[in-house]
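Visitor:
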Amino acid sequence: MLERYRRDDGKKWGGKSLERATGGYVSRQWVGHLKSGRINEPGFGKVVAISRAMGVPLEEWLEDPPDHRSP
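Take a look at the structure:
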């Protein structure tokens, strides 16, 4: 996700920029742990904060988004 979506200035999102963009709710250390695999399940609140900061729809975090269309 962090590789696919870029900041408005074209640079990659990193711990420091996400910490700043989320008002400190997501710390740069936490982002480092997520990138390294030490955090496997980030929690809904963190996902929402990162999604809002990056301008990414929440559905992008799902491995296989459900199809809500009627058959």
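When we follow this note's numbering, the leftmost residue of the sequence shown carries the number 75, and every step to the right adds one.
Ideal Cβ placement from N, Cα and C applies to all residues, glycine included.
The structure displayed is predicted, hence computed values, not measured ones.
1. Less than 7 Å between C-beta atoms, sequence neighbours within five positions excluded: which residues of the same chain meet that for Met128?
2. What is the DSSP secondary structure of Arg80, counted as helix, strand or coil?
3. Pick helix, strand or coil for Lys120, following the three-state DSSP scheme.
4. From Leu76 to Lys109, what does the alpha carbon distance come to, in whole angstroms?
5. Going by Cα to Cα distance, which pick from Lys120, Asp83, Leu132 and Arg112 is closest to Gly97?
Guide: On the basis of the coordinates in this document:
1. Tyr79 and Trp87
2. strand
3. helix
4. 9 Å
5. Lys120
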